[in-house]
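Chains as they are written, first to last, in this note's numbering: chain A, 1 to 336; chain B, 1001 to 1336. All C-beta atoms in this analysis are idealised placements derived from N, C-alpha and C, irrespective of residue type, glycine included. Model, not experiment: these values are computed from the prediction. Input: a single structure, listed below in structure tokens.
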DNA sequence: GTCCTGTTGGCAATCGGTTGCCGACCTCCG
DNA sequence: CGGAGGTCGGCAACCGATTGCCAACAGGAC
């Protein structure tokens, strides 16, 4: 029953095998391997040798049972294939693997229900959880946080650790840039209504644009995808604005494509600014002007904070991550 | 010792808690939950109710210990952030999650050593492994396959299950296309020397191009990245060819960028064909003509095959995946 | 009433580690 | 030489499930 399929697998070596080889007890082997110094140095050496010889690998499940530590972290995001998250995933993976832990990825497909279910499924087998752009409400997130350490990314909930890039610097520079080009009326092409980050960006724009003498309207909500961006063009044109800030680069690129298909010149007839600086946003034509969010750092930082909550030492001091304006070619002075 | 960090966590409910609530033994609870019909229907019902009430979640580790099944699959690829793999990861995730299993992702960063180490680290906690574009040698792969069921993607090893898209149809159509445009001398911008898929593509081109009366040279090896593509331009120009087939779209895009920077017109002075049809390859300018590899299907298929090797029933019959030529705008008749 | 069979549930071993506690032995010191 | 203290290693309980085996009991056939 232990092996299925057609091929017979060889069972992995256990500490019992090592113990038998050396005439020791399993507890001694366990200590030799995990508590350096607790055991006579020569014995410890012999244990290590036999372990290597037998190609011994500790069984993480067996260890997890008594210790409660699985050495595994969970990362849940809305959409694994969204290019926005590639750097984040890589950053998180780097730190996790660097600490000898394993990262489990899962996606919620933009659904709060699915997200909750996934989280509950993962929870028993992980030490901590990173929730990116969670679609859950505050209450649900709090409940999860009661079970295991939890760190949010692109979302804030009172009194819970979160990594939220500071959007203000990037937005300020972007608006200064648009203002200096002579734009007076803007639109924000917003993302999903459940997106906390979309609201944050909108609220910030709502503060900052009028302060520069520009009008701004919200168009949306829309799906945070190429398609969502394309859908937006009709309302953008109807609104009469000369520049659009899209919730993210995917929507910006979608909008750009729709413009091309509709014969709207970018940037001469319409300026477009995206968010995040995803892979590919610099090889559209024109390349997208965007507000870069360093999500690779956010991913690293989130994992560091989980480790910190787990009580690990040598976790570096929290690092601020903030958005940065990147001027490319999708913005220009409006035609009069 | 069980809880760390500042917040106290509430311990998860176990089958012992349920048993105590009902005055039953844990074994009965276990059976009620997993062997429908083995237990009196009313008892089973009561167990389910209390389980729901206590918000019971099975502890996967505890289950894995006696059964040897972890309900987890591993997926190792060379580079998590390579857009080529996004669809593959999503496909694999879909099937895995659909079967109620968990997928663990890891990357080898193009290093065979790291790949071997990662595989060994993962192995004890997974039921099966998918290796994408493995940099390991055949012998190492065989050893891993002896421990747990293993399925390869974009790589073949005698007698091991593998999902390898059939490149021939795509390459044939691409070469017919180039030949009909009047190209007579081609280059293949090859990927890493450890890449089995790069060699397969090259070998196929080497068969098919001369058969159409075209010459072909290999330029490389190079890194399978934007950068690798950019590096290639110097040798491409020196070779005097009129068209280049790049190992993948990333390199094709890199080459395209280098062309633009160097003032080489694409497609009029140089035609470029990529591979894989990654996200972004249709919004370069010009959009990249490419040979699409349906890696989403490959991901699904690989996971299906792991399940099959695990002895699961209702695994669909293997599906052939094959590459397909996609004509866009980076190819045209050569200037004479 | 006896025997057989089927249903239902419990006992206890097991998976592979971890760890508190104890005891044997050695060393060192007064 | 006796005792204190330290080092080293083993015993056994425990983590949370699963499962083979058995016992108790019910119902049906004869």
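Cβ-based burial, residue 67 of chain A [other Cβ within 10 Å; buried from 16]: exposed
Pair within 9 angstroms by beta-carbon distance, residue 300 of chain A and residue 37 of chain A: no
Residue 12 of chain A versus residue 1124 of chain B - alpha carbon distance: 8 angstroms
When A/202, A/296 and A/186 are compared against residue 167 of chain A, the one with the closest alpha-carbon: A/202
Contact test: residue 1244 of chain B Cβ vs the ligand MG heavy atom, cutoff 8 angstroms: This structure lacks the ligand MG; in fact it carries no ligand of any kind.
Residue 1248 of chain B at chain A interface by Cβ criterion, 9 angstroms: no
For residue 1175 of chain B and residue 154 of chain A, the rounded distance between their alpha carbons: 47 angstroms
Extent of the continuous alpha helix (DSSP H) to which residue 194 of chain A belongs: Premise fails: residue 194 of chain A is in no alpha helix (DSSP H) and is neither H nor E.
Where residue 324 of chain A sits in the DSSP three-state scheme: strand
Alpha carbon of residue 139 of chain A to alpha carbon of residue 1106 of chain B, nearest angstrom: 32 angstroms
Residue-level contact to chain B via CB, residue 123 of chain A, 9 angstroms cutoff: yes
Residue of B/1213, B/1226 and B/1236 minimising C-alpha distance to residue 1220 of chain B: B/1236
CB contact check: residue 1241 of chain B to chain A, cutoff 9 angstroms: no
Reduced DSSP secondary structure (H/G/I, E/B, other) of residue 1138 of chain B: helix
Own chain residues within Cβ distance below 8 angstroms of residue 326 of chain A, not counting five before or after: 277, 289, 290, 291 and 292
contact_flag[the stretch 1254-1267 of chain B, the stretch 1083-1099 of chain B] where n(CB pairs < 8 angstroms) is 3 or more: no
Separation of residue 1181 of chain B from residue 1334 of chain B, as counted between CA atoms: 7 angstroms
Members of the stretch 1267-1292 of chain B that neighbour chain A once the beta carbon cut-off is set at 7 angstroms: 1279, 1280, 1283, 1284 and 1285
4 or more residues per run - each alpha helix (DSSP H) lying fully within the stretch 1026-1091 of chain B: 1026-1034, 1041-1053 and 1060-1067
Own chain, CB closer than 8 angstroms to residue 1133 of chain B, minus 5 neighbours either side, in chain order: 1077, 1078, 1153, 1154, 1155, 1195, 1196 and 1197
Pairwise C-alpha distance: residue 1164 of chain B and residue 1271 of chain B: 27 angstroms
Reference residue 146 of chain A, options A/120, A/86, A/238 and A/244, closest by Cα: A/120
Inter-stretch contact (C-beta, 8 angstroms, three-pair minimum) for the stretch 15-30 of chain A and the stretch 45-61 of chain A: yes
Cut-off 6 angstroms between Cβ atoms - residues of its own chain near residue 85 of chain A, not counting five sequence neighbours on either side: 77
Within 9 angstroms, strictly: CB atoms of residue 128 of chain A and residue 73 of chain A: yes
Beta-ladder partner(s) of residue 283 of chain A, from DSSP: Note: residue 283 of chain A sits in no beta bridge, so no partner.
Residues bridged to residue 1150 of chain B [DSSP beta-bridge criterion]: B/1129
Segment limits, beta strand (DSSP E) that includes residue 1292 of chain B: 1289-1292
Closest by C-alpha distance to residue 997 of chain B, when choosing among B/1130, B/1215 and B/1087: Nothing in the structure corresponds to residue 997 of chain B, since chain B is present only between 1001 and 1336.
Nearest candidate by alpha-carbon position, reference residue 231 of chain A, set A/257, A/69, A/269 and A/65: A/257
Beta-ladder partner(s) of residue 1275 of chain B, from DSSP: B/1291
CA-to-CA distance, residue 1282 of chain B to residue 1183 of chain B, given in whole angstroms: 23 angstroms
Minimum Cβ-Cβ distance from residue 1089 of chain B to chain A less than 9 angstroms: yes
Pair within 9 angstroms by beta-carbon distance, residue 115 of chain A and residue 88 of chain A: no
Euclidean distance between Cα positions of residue 1069 of chain B and residue 1026 of chain B: 20 angstroms
Limits of the unbroken alpha helix (DSSP H) element including residue 236 of chain A: 226-239
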